[in-house]
Structure formats: C-alpha cells, structure tokens
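Below is one structure, written out as structure tokens; the observations come after it.
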Amino acid sequence: MPQGKPDVVPDDGLTTRQRRNRPLVMVHTGIGKGKSTAAFGMALRAWNQGWPVGVFQFVKSAKWRVGEENALRVLGASGEGGTVHWHKMGEGWSWIQRPPAEGEQSHEDRAREGWEQVKRDLAAETYRFYVLDEFAYLLHWGWIDTAEVVEVLRDRPGTQHVVITGRNAPAELVGFADLVTDMSKVRHPMDAGQKGQRGIEW
Numbered sequence: 001m002p003q004g005k006p007d008v009v010p011d012d013g014l015t016t017r018q019r020r021n022r023p024l025v026m027v028h029t030g031i032g033k034g035k036s037t038a039a040f041g042m043a044l045r046a047w048n049q050g051w052p053v054g055v056f057q058f059v060k061s062a063k064w065r066v067g068e069e070n071a072l073r074v075l076g077a078s079g080e081g082g083t084v085h086w087h088k089m090g091e092g093w094s095w096i097q098r099p100p101a102e103g104e105q106s107h108e109d110r111a112r113e114g115w116e117q118v119k120r121d122l123a124a125e126t127y128r129f130y131v132l133d134e135f136a137y138l139l140h141w142g143w144i145d146t147a148e149v150v151e152v153l154r155d156r157p158g159t160q161h162v163v164i165t166g167r168n169a170p171a172e173l174v175g176f177a178d179l180v181t182d183m184s185k186v187r188h189p190m191d192a193g194q195k196g197q198r199g200i201e202w
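Mapping of the sequence shown onto full-length UniProt numbering: position 30 corresponds to residue 30, and the numbering continues sequentially without gaps.
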C-alpha cells in the first residue's frame with residue numbers, strides 16, 4: 001500500500017470520505033505480547049480526537065492496576081481530550097480456574113454481565129471507541145456466543161469503533177472484523193525464566 005493507497009476500490013456506492021470514516025471492528029489476537037498495549041495505544045489516539053473512550057477489562061483482576069489505566073484515567077479527567085471510563089468486568093485471571101467464594105458470582109456470570117453492559121452502551125452510543133480487553137478468551141471458552149457478538153457489532157449504530165483483544169479469537173470474529181492483527185512470539189523473557197517487571201508488563 002504505497003502512500004496509503006488501497007489495493008482495490010470497492011464498488012460499494014460510498015464516497016472516499018464515507019468509506020474512510022467507516023466505523024471499524026478490530027481484533028488483536030495471537031500468542032505474542034502487546035495485544036492490549038496496542039489497543040490502549042489506539043485508545044490514546046481516540047482520546048486525542050476528543051472521542052469518549054470506554055475500556056472493558058474482562059479477565060484481569062479489579063485489583064490489578066495496569067499502567068495504561070492510570071495514564072488514561074488521568075488524561076480522561078484532564079479536560080484536554082475525550083472522556084475515559086474504565087470498567088473491570090472480570091474476576092481475575094480466570095484460566096487459573098479459581099472457584100468463586102461462597103456467595104460470589106461465577107466468572108462466567110460476571111463475564112456475561114459485562115457483555116450485557118457493552119451491548120447497552122453500544123445501543124446508546126455511549127462511547128466512540130471501545131476496548132474489549134481479553135474479550136476473545138470468553139468467546140474461545142464458549143462463555144459468550146460468538147455469533148451473537150458478531151451480530152451486535154454488525155448492527156451497532158453510529159460511528160462506534162471497537163477493538164477486541166485476547167488469544168484464540170474465533171474464526172467467525174476474525175472473518176467479520178475489518179482489521180485483524182495476529183501477534184506472534186519470536187522470543188520472550190519468560191522463556192529464560194524472567195518474570196514480568198515494572199514499566200514493561202504494568
């Protein structure tokens with residue numbers, strides 16, 4: 001794509017401007033590091049455009065304070081760009097399969113509740129840019145129906161952009177999305193027994 005020119009121009013009846021401003025569904029998947037980080041980078045661009053940003057974290061614990069959360073919260077409250085709202089919908093690193101304590105909702109129920117909130121916000125056009133962080137895991141596990149997600153995203157009103165992160169994004173979602181990036185791994189410090197560290201992982 002030299003100089004940003006597309007390989008083909010579709011015969012869709014849209015003007016160049018209309019096609020350029022089409023709302024996108026984006027997927028960051030694969031086993032490599034950086035899927036969420038790339039999505040948060042996009043959120044920074046959205047904030048800079050003055051767009052309302054909604055971040056929905058589906059797997060990371062509410063106790064985990066990632067660096068991007070702090071930065072985006074500060075920026076959202078600064079009055080300089082768009083607003084930022086951060087929602088923690090998960091119950092921790094669910095693939096560890098820690099059973100919920102007595103009286104607690106199951107991880108699956110909390111995930112479904114989070115998806116229902118996303119659906120309400122899409123219907124109300126609450127945000128212009130959505131980050132559904134680690135959401136692909138829930139589809140892979142079968143907690144949320146991929147066909148329903150694709151239908152909701154296809155029918156969403158307005159100009160709402162959505163980026164979904166997580167390993168093992170289902171083929172149906174990948175086939176539907178406008179932009180798909182598969183993060184591969186060449187090498188990682190954990191391969192040599194080094195755990196995550198400040199400023200790199202959080």
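The beta carbon of each residue, even a glycine, is placed where N, CA and C say it ideally should be.
Straight-line CA distance for residue i to residue j?
i, j, result
"Lys195", "Pro189", "7 Å"
"Phe58", "Thr165", "10 Å"
"Ser106", "Thr126", "27 Å"
"Thr37", "Gly30", "13 Å"
"Pro23", "Phe56", "19 Å"
"Gln117", "Thr83", "18 Å"
"residue 208", "Leu138", "Coverage of the chain is limited to positions 1 through 202, which leaves residue 208 absent and any answer about it impossible."
"Asp7", "Arg110", "43 Å"
"Phe40", "Asp11", "33 Å"
"Asn70", "Gly34", "18 Å"
"Lys185", "Asp191", "11 Å"
"Asn21", "Arg112", "31 Å"
"His140", "Arg17", "36 Å"
"Phe176", "Gln197", "36 Å"
"Ala124", "Lys5", "34 Å"
"Val131", "Val25", "10 Å"
"Arg19", "Ala147", "25 Å"
"Gly199", "Arg187", "19 Å"
Kindly list the residues whose CB is nearer than 6 Å to the CB of residue i, restricted to its own chain and excluding five residues on each side of it in sequence; keep chain order.
i, result
"Val180", "Val27 and Val174"
"Glu108", "Trp143"
"Gly76", "Thr83 and Val84"
"Trp95", "Since pLDDT at Trp95 reaches only 43, below the 50 mark, its modelled position is unreliable, and the value read off the structure follows with that caveat. Taken in chain order, the list of residues that qualify is empty."
"Val66", "Trp202"
"Glu68", "Phe40"
"Gly158", "Glu125"
Any beta-carbon of chain C closer than 8 Å to the one on residue i?
i, result
"Ala123", "In the displayed structure, chain C is absent; only one protein chain is listed."
Does residue i come out as helix, strand or coil in the three-state DSSP assignment?
i, result
"Asp178", "coil"
"Arg198", "coil"
"Gly54", "strand"
"Tyr130", "strand"
"Lys88", "strand"
"His107", "helix"
"His140", "helix"
"Thr165", "strand"
"residue 225", "Here the chain covers residues 1 to 202 and nothing more, so residue 225 does not appear."
"Trp93", "Residue placement at Trp93 cannot be trusted, given a pLDDT of 45 that sits under 50; the coordinates are not used to answer."
"Thr29", "strand"
"residue 208", "In the structure as shown, the chain starts at 1 and stops at 202, and residue 208 therefore has no counterpart that could be examined."
Applying the 10 Å Cβ sphere with the 16-neighbour rule, what's the burial state of residue i?
i, result
"Asp178", "exposed"
"Gln160", "buried"
"Asp145", "exposed"
"Val149", "buried"
"Val9", "exposed"
"Leu14", "exposed"
"Arg156", "buried"
Report back the beta-carbon spacing between residue i and residue j to the nearest angstrom; my notes put them in contact at under 8 Å.
i, j, result
"Val53", "Phe129", "5 Å"
"Asn48", "Gly81", "5 Å"
"Gly32", "Met183", "3 Å"
Near residue i, what residues of its chain come up, given a Cβ to Cβ distance below 7 Å and the 5 sequence neighbours on each side ignored?
i, result
"Gly193", "none"
"Val152", "Lys119 and Leu122"
Here's a check: name, in chain order, each residue in its chain whose Cβ is nearer than 8 Å to the Cβ of residue i, leaving out the five neighbours to either side.
i, result
"Ala136", "Val27, Thr29, Ile164, Thr165, Gly166, Arg167, Asn168, Ala169, Pro170 and Leu173"
"Leu72", "Phe40, Ala43, Leu44, Trp47, Val53, Val55, Val84 and Trp86"
"Glu134", "Ser36, Gln57, Phe58, Val59, Lys60, Gly90, Thr165 and Gly166"
"Arg154", "Phe176"
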